[in-house]
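Peer 1: What follows is a structure written as structure tokens; I'll ask about it next.
Protein chains: 2
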Amino acid sequence: MNVICLDLEGVLVPEIWIAFSNETGIAELKRTTRDEPDYNKLMHFRMDILRSHGLKLSDIQDVISNIRPLDGAKDFLDYLRSRYQVIILSDTFSEFASPLMKQLDWPTIFCNSLVIDKNGMLSDIRMRQENGKMKAVEALQSIGMNVFSAGDSYNDLAMIRKADHGCLFRAPENILAQNPDLPHCTEYEEFISIIGEAFA
Amino acid sequence: MNVICLDLEGVLVPEIWIAFSNETGIAELKRTTRDEPDYNKLMHFRMDILRSHGLKLSDIQDVISNIRPLDGAKDFLDYLRSRYQVIILSDTFSEFASPLMKQLDWPTIFCNSLVIDKNGMLSDIRMRQENGKMKAVEALQSIGMNVFSAGDSYNDLAMIRKADHGCLFRAPENILAQNPDLPHCTEYEEFISIIGEAFA
Numbered sequence: 002m003n004v005i006c007l008d009l010e011g012v013l014v015p016e017i018w019i020a021f022s023n024e025t026g027i028a029e030l031k032r033t034t035r036d037e038p039d040y041n042k043l044m045h046f047r048m049d050i051l052r053s054h055g056l057k058l059s060d061i062q063d064v065i066s067n068i069r070p071l072d073g074a075k076d077f078l079d080y081l082r083s084r085y086q087v088i089i090l091s092d093t094f095s096e097f098a099s100p101l102m103k104q105l106d107w108p109t110i111f112c113n114s115l116v117i118d119k120n121g122m123l124s125d126i127r128m129r130q131e132n133g134k135m136k137a138v139e140a141l142q143s144i145g146m147n148v149f150s151a152g153d154s155y156n157d158l159a160m161i162r163k164a165d166h167g168c169l170f171r172a173p174e175n176i177l178a179q180n181p182d183l184p185h186c187t188e189y190e191e192f193i194s195i196i197g198e199a200f201a
Numbered sequence: 002m003n004v005i006c007l008d009l010e011g012v013l014v015p016e017i018w019i020a021f022s023n024e025t026g027i028a029e030l031k032r033t034t035r036d037e038p039d040y041n042k043l044m045h046f047r048m049d050i051l052r053s054h055g056l057k058l059s060d061i062q063d064v065i066s067n068i069r070p071l072d073g074a075k076d077f078l079d080y081l082r083s084r085y086q087v088i089i090l091s092d093t094f095s096e097f098a099s100p101l102m103k104q105l106d107w108p109t110i111f112c113n114s115l116v117i118d119k120n121g122m123l124s125d126i127r128m129r130q131e132n133g134k135m136k137a138v139e140a141l142q143s144i145g146m147n148v149f150s151a152g153d154s155y156n157d158l159a160m161i162r163k164a165d166h167g168c169l170f171r172a173p174e175n176i177l178a179q180n181p182d183l184p185h186c187t188e189y190e191e192f193i194s195i196i197g198e199a200f201a
């Protein structure tokens, strides 16, 4: 049985924090792991900012509802779901992903989750496990699945290399330069061809 | 992260072979594992009958397209998918499930597959693995998932008992009598309450 594991941000939807920062005008939320490599610290920095703006989870979800999937992403995903099984593997949080998953007709997603306090404010993060994308691919393989993985970032490389097949999608130059052996594409049509050939 | 593993036939859609037999009027296709306990033999018996009626995979899929999900199943599944992750675990074949998955807006399903010959006829079956439902639950738990499983048959008991939470849905009397410790429900509304309480 063929399963496709897809990264979310950059593959099907825009980078959520960037889009959220643009929607709200809160520039500090553009800070990424390049500026603060400790993800836990970065998330607590972001949660402090959200709190200082009085933004509850429901407000954040309202903003995220206005973020649209990438052009063509819905058709691409619909095509894949009618032919294969698809699981989105993401480092984001289910509470943020939810308004986007709704727009994509609720594909299955494995990601992390947030701790919400009694006032509806974000108070902590709950990571599912270390190296969660790669371990999810491994778990699928352990139950007899033939896995194709794709993504655009450093944190996708382990799952792409662990999978039976894989490619990069719209990856930045430095990742492409360091991974010349991986197929790469920038358009969904080509993406579909690469997947079709891998599973042929 | 919370994942619900649902059996397909009897939980979301009718028993496919029974419905297929009713749709086509081919009574012999009602034969089940109660009559022929060797599943491989039973499937080859069924494939011989399909072949003798000249039924290709495409014909079979056309018939299955006329089978409807159980009353209320689509709304039930939509509700679950908007709140949790759902994976359908079934012993059926992806080629049979596909017309039903389409009607349910393509939920993720882990099942088995068929070998189709060059004339489009069914020639063999390919089982993903032994005890596939239980092992899928185990694999999900191994990547940090909190799993709720539900089904109606003997082949669901192992996944229900392996999961963190579970219940029987519209199970026959003999299964209920042998498993008095498992929660049981017959309506989707109650099913949703049991799941909600388990994940609370």
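Top to bottom, those sequences are chains A and B.
The first sequence: position 192 = 193 (our numbering), numbered continuously.
The second sequence: position 54 = 55 (our numbering), numbered continuously.
We put the CB at the ideal spot given by N, CA and C, even for glycine.
1) Whole angstroms is fine: what's the gap from B/Arg127's alpha carbon to A/Met146's?
2) Determine, for A/Ala164, whether the minimum Cβ-Cβ distance to residues of chain B falls below 8 Å.
3) What are the boundary residues of the alpha helix (DSSP H) that includes A/His166?
4) Could you name the residues of chain C that B/Thr109 contacts, counting a contact when the two beta carbons are closer than 8 Å?
5) Could you give the C-beta distance for A/Leu51 and A/Ile65, rounded to a whole number, given that I count them as a contact under 8 Å?
6) Chain A beta carbons: is any one of them nearer than 8 Å to that of B/Met44?
7) Give me the chain A residues within the contact set of B/Arg245, using Cβ-Cβ distance strictly less than 9 Å, ordered along the chain.
8) Could you spell out the range, first to last residue, of the beta strand (DSSP E) harbouring B/Gly152?
9) I'd like to know whether the C-beta atoms of A/Ser91 and A/Leu9 end up nearer to each other than 8 Å.
10) Could you check what DSSP says for B/Arg127 in three-state terms: helix, strand or coil?
11) Over the uninterrupted beta strand (DSSP E) stretch that includes A/Phe92, give me the two end residues.
12) If you draw a straight line from the alpha carbon of A/Asn41 to that of A/Ser154, how long is it in whole angstroms?
13) Less than 8 Å between the C-beta atoms of A/Leu115 and A/Glu131, yes or no?
14) Which residues in the same chain as B/Ala159 place their Cβ atom closer than 8 Å to its Cβ, once the five residues preceding and following it in sequence are excluded?
15) Using 8 Å for Cβ pairs, my map puts A/Ile176 next to A/Tyr85. What's the rounded Cβ distance?
16) Start and end of the alpha helix (DSSP H) containing A/Val1?
17) Under a CB-based cut-off of 8 Å, is A/Ala74 close to chain B?
18) So is A/Ala201 buried or exposed if we call it buried at 16+ other beta carbons inside 10 Å?
19) What are the residues in the region 28-62 of chain A lying within 8 Å of chain B by C-beta distance?
20) Leaving aside the five residues before and after B/Met2 along the sequence, list all residues of the same chain whose C-beta is less than 8 Å from its C-beta, in chain order.
21) Only counting the same chain, and skipping five residues up and downstream in sequence, which positions put a Cβ closer than 8 Å to that of B/Lys31?
22) Tell me the rounded alpha-carbon separation between A/Phe46 and A/Ile117.
Peer 2: So, to answer that:
1) 12 Å
2) no
3) From DSSP, A/His166 is part of no alpha helix (DSSP H) but of the beta strand (DSSP E) over 166-170.
4) Of the protein chains in the structure, A and B, none is chain C.
5) The distance from the Cβ of A/Leu51 to that of A/Ile65 is about 12 Å, inconsistent with a contact at the 8 Å cut-off.
6) no
7) Outside the modelled stretch of chain B, which goes from 2 to 201, sits residue 245 of chain B, for which no answer is possible.
8) Run containing B/Gly152: 147-152, per the beta strand (DSSP E) assignment.
9) yes
10) Strand, per DSSP.
11) Per the sequence shown, the amino acid found at residue 92 of chain A is Asp instead of Phe. That run of the beta strand (DSSP E) goes 86-94.
12) One alpha carbon belongs to A/Asn41, the other to A/Ser154, and they sit about 19 Å apart.
13) no
14) Asn132, Lys134, Met135
15) In fact, because the Cβ distance is near 25 Å, the residues do not count as touching under 8 Å.
16) The structure shown does not extend to residue 1 of chain A, since chain A is modelled only from 2 through 201, so no value can be given for it.
17) So, not an interface residue.
18) exposed
19) Of all residues in the region 28-62 of chain A, none places a beta-carbon less than 8 Å from a beta-carbon of chain B.
20) Correct list, in chain order: Gln86, Gly145, Met146, Asn147.
21) Trp18, Ile19, Ser22
22) 16 Å
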